[in-house]
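Report on the structure given below.
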Amino acid sequence: MQTRLKLLAVFLPILLTSKMALSQVNYDESKVPPLHLPSIFISEKGKVIDSKEDWENHRRPEIFRLFESEVYGQIPKDFDQVSFEVNERANHEFNSIAKLEEVDIKIRRGEGSHVMRLNVFLPKESNGPYPIILLINHRAPEEDGSLAEEGYWPVAELIERGFATASFHAETVAPDDTTRYVNGILTNLYPEQKEKSDGLKALGAWGWGAIRAMDYFEQHEGINASKSVLVGHSRSGKAALWASANDPRWAITYANESGCGGAALSKRKFGETIEIINNRFTHWFAENFRKYNDAEESLPLDQHMLPALIAPRAVYYASAKADEWADPKGEYLGLQIGSEVFSWIYAKESPFKTNWEELKGPVSSNTLGYHIREGEHGLIWEDWEIFLEFAKKSLGI
Numbered sequence: 001m002q003t004r005l006k007l008l009a010v011f012l013p014i015l016l017t018s019k020m021a022l023s024q025v026n027y028d029e030s031k032v033p034p035l036h037l038p039s040i041f042i043s044e045k046g047k048v049i050d051s052k053e054d055w056e057n058h059r060r061p062e063i064f065r066l067f068e069s070e071v072y073g074q075i076p077k078d079f080d081q082v083s084f085e086v087n088e089r090a091n092h093e094f095n096s097i098a099k100l101e102e103v104d105i106k107i108r109r110g111e112g113s114h115v116m117r118l119n120v121f122l123p124k125e126s127n128g129p130y131p132i133i134l135l136i137n138h139r140a141p142e143e144d145g146s147l148a149e150e151g152y153w154p155v156a157e158l159i160e161r162g163f164a165t166a167s168f169h170a171e172t173v174a175p176d177d178t179t180r181y182v183n184g185i186l187t188n189l190y191p192e193q194k195e196k197s198d199g200l201k202a203l204g205a206w207g208w209g210a211i212r213a214m215d216y217f218e219q220h221e222g223i224n225a226s227k228s229v230l231v232g233h234s235r236s237g238k239a240a241l242w243a244s245a246n247d248p249r250w251a252i253t254y255a256n257e258s259g260c261g262g263a264a265l266s267k268r269k270f271g272e273t274i275e276i277i278n279n280r281f282t283h284w285f286a287e288n289f290r291k292y293n294d295a296e297e298s299l300p301l302d303q304h305m306l307p308a309l310i311a312p313r314a315v316y317y318a319s320a321k322a323d324e325w326a327d328p329k330g331e332y333l334g335l336q337i338g339s340e341v342f343s344w345i346y347a348k349e350s351p352f353k354t355n356w357e358e359l360k361g362p363v364s365s366n367t368l369g370y371h372i373r374e375g376e377h378g379l380i381w382e383d384w385e386i387f388l389e390f391a392k393k394s395l396g397i
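Residue 397 is where the sequence shown ends in full-length UniProt numbering, and the numbering goes up by one at each step.
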């Protein structure tokens, strides 16, 4: 009885706060505060950034450190050894068109070690090398034991279009759970991160997993790692963007409906807010991010700066009209404003000439793209089909 009362005393204030916050969610555009975004092109010392050299040597590192310290936490780069144990599985659901490699990526750091599982499908028709699409998968495994979910990870359709495709589950690096998230690389490899206010949590760990997958792709004769695509939906879309900001080897990064802490501008306070996301998902972001709960105006950065970190590599966003929680307009604006680095610093064409209210359909150049579809929050075949047209154009295939 005493234990129950203690637990109630701990969790009741959190539950009440969460319910109050949810009841005050803003879906009224007229109530969005005036948008005052920190400039991408003015350094912390007030220097105007107007050249590639100034951007890459001064402003980009400043912005990267802000995201690392205040939002996502560090993605550790150090380890002592990585190895790959590959099992070619003969019997699987796509056996007629694809080869399946079940890869155990083994990492050792000091006295610690960890194994993450990566599943890789390769077209059977030739030996490649093939462009590769990696999906960070945060969803629970299918009950029937199948690896792919129709629409969400459309393996057959990707194989038929000439891509190799791979996925790893979040559980293999950091469980998507408020307490169990430490039962992965945070305990086995990087325990010191747990004590830091800018240490990584689950989102950063999933980004780390994507980087380890790229290590495997680079040494694979059947994969063209220079034509690599990193995909994440919702929470894993946030992780995909941060992984790509850390690792320049990804040719295209696709964030589907990644919302608050991903594509959407936090300072709009529309739909899910920093306070709501930090209170509901305490295991996603660095502890420092909690400083901005209901204090978005004090953020020294915003999400328009995240695609700028990925420039000049390709970035693609997608939204759903009924997914107001993720703030589709804020997602579009984040990429539209962030695209200024692509056009001003790298002379890449920006396709975002249209205001949000006048947007009629998908817009894209060879480097940047966006679409919004009818319907609810989810990664479905319609999203993939539109995105793949962009991907083929961007990769030149």
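The beta carbon of each residue, even a glycine, is placed where N, CA and C say it ideally should be. Computed from a prediction, not measured in an experiment: that's the story for all the values here.
- PRO175 is classed as buried because its beta carbon has at least 16 other beta carbons within 10 Å across all chains shown.
- Residue pairing by DSSP places PRO123 opposite ALA98 in a beta bridge.
- In the three-state reduction of the DSSP assignment, PRO131 falls in the strand class.
- Note: TYR316 is bridge-paired with TYR254, GLY369 in the DSSP secondary-structure output.
- Residues ILE40, ILE63, GLY338 of the same chain have their beta carbon placed closer than 7 Å to that of MET305, with the five preceding and five following residues left out of the count.
- Secondary structure of ARG60 (DSSP, three-state): helix.
- Between the region 282-289 and the region 355-364, the count of C-beta pairs closer than 8 Å stays below three; the two stretches do not touch.
- Counting of Cβ neighbours within 10 angstroms places SER30 among the exposed residues, the total staying below 16.
- Its chain contains GLU101, VAL103 as the residues whose beta carbon lies nearer than 7 Å to that of VAL86, once the 5 sequence neighbours on both sides are disregarded; these appear in chain order.
- The region 154-171 makes contact with the region 199-219, as at least three CB pairs between them are under 8 Å.
- Short of 6 Å from the beta carbon of ARG212, and not among the five residues preceding or following it, lie these beta carbons of its own chain, in chain order: ILE105.
- Separation of SER365 and TYR254 (C-alpha to C-alpha, rounded to the nearest whole angstrom) is 14 Å.
- Here GLY209 is not near GLY237, since their CB atoms are 9 Å or more apart.
- Bounds of the beta strand (DSSP E) holding ASN87 are 81-89.
- By the neighbour-count definition (other C-beta atoms within 10 Å, threshold 16), ILE97 is an exposed residue.
- DSSP places SER226 in the uninterrupted beta strand (DSSP E) bounded by 223-233.
- The beta-carbon separation of GLY222 and GLY162, rounded to 13 Å, does not stay under the 8 Å limit for a contact.
- Boundaries of the beta strand (DSSP E) harbouring PHE168: 164-169, taken from the DSSP string.
- When C-beta atoms of the region 255-275 are compared with those of the region 311-324, three or more pairs fall below 8 Å, so the two segments count as touching.
- Approximately 19 Å separates the beta-carbon atoms of VAL32 and PHE352; this is outside 8 Å, ruling out the contact.
- By alpha-carbon distance to GLU331, the top candidate from TYR346, ASN279, LYS267, ARG290 is LYS267.
- Excluding five sequence positions before and after GLY204, the CB atoms of its chain that fall closer than 6 Å to its own CB belong to TYR72, GLY73, ILE75, given in chain order.
- Taking the C-beta atoms as reference points, SER69 is found no nearer than 9 Å to ASP247.
- Here PHE94 is not near VAL48, since their CB atoms are 9 Å or more apart.
- Contact between SER244 and ILE310 holds: their C-beta atoms lie close to 5 Å from each other, under 8 Å.
- Here THR273 is buried. Its C-beta has 16 or more other C-beta atoms within 10 Å.
- Taking C-beta atoms under 8 Å as the contact rule, HIS114 and ILE185 qualify, at a distance of about 5 Å.
- Counting of Cβ neighbours within 10 angstroms places LEU299 among the buried residues, the total reaching 16 or more.
- Straight across, the Cα-Cα distance linking ASP28 with LEU35 is about 15 Å.
- Close CB contacts of ARG59 within its chain, under the 6 Å cut and outside five residues either way in sequence, are with SER43, ILE49 (chain order).
- Membership of ASP215 in the alpha helix (DSSP H) is indicated by the continuous run 202-218.
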